[in-house]
Amino acid sequence: MSGVAYKTVRSDCYRASVKRLTRFLYVVFRRRRLRPQHAVIALCAILIIAYGASAVLSLRHAYRQAFRDAGATLTGTARSAETGTSQSLFEIDATLLGVDRMLAAVLSRAQWDDPSVTRLLRQFDEQKLAISELLILDAQGREVNRSRSGIDGARNYTGDAFFAAHQSGAPKLFIGSPEHTAANDDWVIMVSRPLTRNNLLSGVIAAVVPVATFGDFFAATVTGGAAQISLMLDKGVLLASEPGGKQRIGRVPKSAPALLAAAAKEAAGLLEIPADEEGNWRLLSFRKVGGYPLIVTVSRERADILRHWDDEWTASVIEFAFFTGTALTLAYLVLCALKRQQFAAMRLRRSEARLKRQTSLLQSTLENIGEGLSVFDRQGWLVAWNSRFCELLDLPPDLTAGAPLRKILMLQAMRGDFGDGEPEAEVARRLEQFHRDVPAIKERVTPSGRIHKSAAALCPMAPLSRFTRMSPTSDRQSGC
């Protein structure tokens, strides 16, 4: 899937998710189905999702940053390795060219097998640490001189790749494939130039270059053991690799096809490829060595690049698990508290309903009693009565609970129920006797000529409340 198509699909999914969330919220709030438990669960889910999304975005940024930093480091290292390799090859090429010029100018009359030529080769050899030995071959590929071991006329290089390449018109400088030397158990490469006289191939001058020359430089270039620097021919054959790549020299790495395909398109680049037999993915930076058929690569295992990111990922997972556990625990506690509160509210509503029924039943009972009943608390506030009580005292029918005794007495005094005395004085006197003269049975004649008998006593259910029974008859009364 292309990048544009992927972004389009992701945008459509995002819009669909927003639309579904908006519809859900509309239904919930429109139909008033949101309960406190739902709000707590939704808030907990939002917090967990938000924290998880933040952690994912942070890890995603760290993941990309790790690859960006690794890519920049590998690219810089590859540039340094390419510069050093190019410089080494330039010095080797300059040495071969210098020998060619000396043979053509100074020792033009001397035979190539002359001791003076041997001394010349030895002087050039000793000046260049990158070269272990210099060879001169004649036009038939026979070795005619060398800088160290002397002449071995039996050695013939006709079948060697570098000599065959010059016979077929190879470029001025030829870099051969690595060869293993049994004498010192090491790898070397042949770097050669043709010796031309009068535009004809007269011979070949070759330098035996130890692979360790590049390996030592690469080992010094790598700042740590994580990155691996390799040098290979443009055919994919590995020439040198550090650290620890000696056993793979002369082979074609598994990553060579992908690398050569990328190198055919550009001189330098960065790609991710499976670079070993185990299939471990590596991030690889490559650069062509300018003017030579060589490619320098610097790679690093994906697992090593993401090592610190893996630690961060593990820590983020632990933090997310802890946060989720904490949020769920708090949500559970809040839900339990809400449940207990709802149960308490339900029990309270049931108690209120039961009390209301009992109060209604009690009031109905009081209303069906022929006597007038009233209950005043210790402060003189009316807390219970029946309509017969209001009828006998000729009180307003809209008398409500909480009416003060003083107000009732003042109403009676102002009407003259207590005689012609001063209303304030009569009210004060009767208030003083209210809780003191209990239990008591009294008889009072109203202005209408009726005789009211009342029996007052302290209510046993509320010792500081006064309970009064009143009747217009002469029947015997008793207090509760």
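What the sequence shown shows, in the numbering used here, is residues 16 to 495, in sequence order. Note that CB positions come from ideal geometry on N, CA and C, so glycine has one too.
| Check | Outcome |
| --- | --- |
| Do Asn-160 and Asp-128 come within 8 Å of each other at the CB atom, strictly closer than that value? | yes |
| Between which residues of its own chain and Leu-353 is the CB-CB distance below 8 Å, once the five residues before and five after are set aside? | Pro-51, Gln-52, Val-55 |
| Please return the same chain residues whose Cβ sits closer than 6 Å to the Cβ of Lys-241, not counting the five positions on each side in sequence. | Lys is not the amino acid found at residue 241; the sequence shown has Ala there. So the qualifying residues of the chain are Arg-315, Asp-319. |
| Using a 10 Å radius around the Cβ and a threshold of 16 neighbouring Cβ atoms, would you call Leu-130 buried or exposed? | In the sequence as displayed, the identity of residue 130 is Pro instead of Leu. Result: exposed. |
| Name the one or two DSSP bridge partners that Arg-297 has. | Ile-288, Glu-316 |
| In the DSSP output, what is Thr-196 paired with across the bridge? | Asp-201 |
| Determine the burial state of Leu-366: buried for a count of at least 16 other Cβ atoms within 10 Å of its Cβ, exposed for fewer. | Position check: residue 366 holds Ser in this sequence, whereas Leu was assumed. It counts as exposed. |
| What is the rounded straight-line gap between the Cα of Gly-251 and the Cα of Phe-189? | 16 Å |
| Let me check understanding here. Comparing Cα to Cα, which of Arg-212, Leu-215, Glu-194 lies closest to Met-205? | Glu-194 |
| Suppose you measure from the CA of Glu-447 to the CA of Ala-440; what does that come to, to the nearest Å? | 11 Å |
| So, using beta-carbon positions, are Ala-222 and Ile-107 closer together than 8 Å? | yes |
| Roughly how many angstroms lie between the CA atoms of Ala-399 and Lys-371, to the nearest whole one? | 14 Å |
| Pick out the complete alpha helix (DSSP H) segments inside the segment 94-169, 4 residues or longer, and give them in chain order. | 130-142 |
| With 16 other CB atoms within 10 Å as the buried threshold, where does Asn-401 fall? | buried |
| Need the endpoints of the beta strand (DSSP E) that Glu-458 sits in, please. | 455-460 |
| If you follow the beta strand (DSSP E) that Ser-379 is part of, which residue opens it and which one closes it? | Looking at the DSSP string, Ser-379 is not in any beta strand (DSSP E); the run it does join, the alpha helix (DSSP H), is 322-382. |
| Starting from the C-beta of Arg-137, find all residues in its chain whose C-beta is less than 6 Å away, skip the five residues before and the five after it, and write them out in chain order. | Ser-162 |
| Can you give the Cα-Cα distance for Ile-423 and Pro-412, rounded to whole angstroms? | 12 Å |
| Report yes or no: do three or more beta-carbon pairs, one from the segment 70-84 and one from the segment 320-331, lie closer than 8 Å? | yes |
| In the structure shown, what three-state DSSP assignment does Arg-302 receive? | strand |
| Under 8 Å, do Asp-200 and Pro-225 count as touching if we go by C-beta distance? | no |
| Excluding five sequence neighbours on each side, which residues of the same chain lie with their C-beta closer than 6 Å to the C-beta of Thr-228? | Ala-145 |
| When you compare each of Gly-340, Leu-152, Thr-88 to Leu-111 by their alpha carbons, which one comes out closest? | Leu-152 |
| Ile-220 lies in the beta strand (DSSP E); which residues open and close that run? | 215-225 |
| Quick check on the DSSP output: the beta strand (DSSP E) that includes Glu-281 runs from which residue to which? | That residue, Glu-281, is in no beta strand (DSSP E); it is neither H nor E in DSSP. |
| Which residue comes first and which comes last in the beta strand (DSSP E) that contains Gln-243? | 242-248 |
| With DSSP collapsed to three states, give me the class of Val-252. | coil |
| Check this for me: beta carbons of Leu-286 and Ala-279, under 8 Å apart or not? | no |
| Could you work out which residue in Val-349, Gln-262, Thr-211 is closest to Leu-58 when comparing CA atoms only? | Val-349 |
| Could you check what DSSP says for Leu-473 in three-state terms: helix, strand or coil? | strand |
| Might you give, ordered along the chain, the residues of its own chain that have their beta carbon closer than 6 Å to the beta carbon of Gly-417, omitting 5 neighbours on each side? | Trp-396 |
| Could you have a look at Phe-433 and say whether DSSP puts it in helix, strand or coil? | coil |
| Does the Cβ of Asp-140 have 16 or more other Cβ atoms within 10 Å, making it buried, or fewer, making it exposed? | buried |
| What residue does the alpha helix (DSSP H) around Leu-188 start on, and which one ends it? | Taken as a continuous stretch (DSSP letters only), Leu-188 belongs to no alpha helix (DSSP H), as it is neither H nor E. |
| What does the Cβ neighbour count give for Tyr-347, buried or exposed, with the cut at 16 atoms within 10 Å? | exposed |
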